[in-house]
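Enquirer:
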Amino acid sequence: MKYLRFLRNRMNTKPSHGPIHFRAPVKILWRLIRGMIPQKTKRGAAALARLKAYEGVPPPYDKIKRMVIPDALKYSLETGSNT
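With the numbering used here applied, the sequence shown covers 1 to 83.
(1) List, from N- to C-terminal side, the beta strand (DSSP E) runs of 3 residues or more that fit wholly inside the region 20-65.
(2) Taking I88 as the reference, give the member of V68, I69, A49, P19 with the closest Cα.
(3) Name the residue from H17, P70, L51, I28 whose alpha carbon lies nearest to the alpha carbon of G3.
(4) For K52, which option in P25, M11, R8, S16 has the closest C-alpha, if you only look at C-alpha atoms?
As structure tokens, then:
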């Protein structure tokens, strides 16, 4: 719910000039990664340009049969847990 409050943040006088918050999962991930690298340097900008993110399954892997790992399903965090 904290993220939904963040999405509602706009500028008071002219909302089209205010902060633009991306809604697409790919753009949210892109912005998250952009915050982790030094994007203002040449090296960081090149790394960000090489980043590829897809919504759904990318073309070479969409034909492969998906599988479930049963051991991974055993572990689930309790609600309200910080670990």
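Note that beta-carbon positions come from the ideal geometry of N, C-alpha and C, so glycine has one too.
Expert: The relevant details are as follows:
(1) Listed in chain order, nothing qualifies, since the region 20-65 has no complete beta strand (DSSP E) run of 3 or more residues.
(2) Outside the displayed range of the chain (1 to 83) lies residue 88, so it cannot be described from this structure.
(3) With the sequence shown as reference, residue 3 is identified as Tyr, and Gly is not the correct amino acid for it. Closest by alpha carbon: I28.
(4) Among P25, M11, R8, S16, the Cα nearest to that of K52 is on P25.
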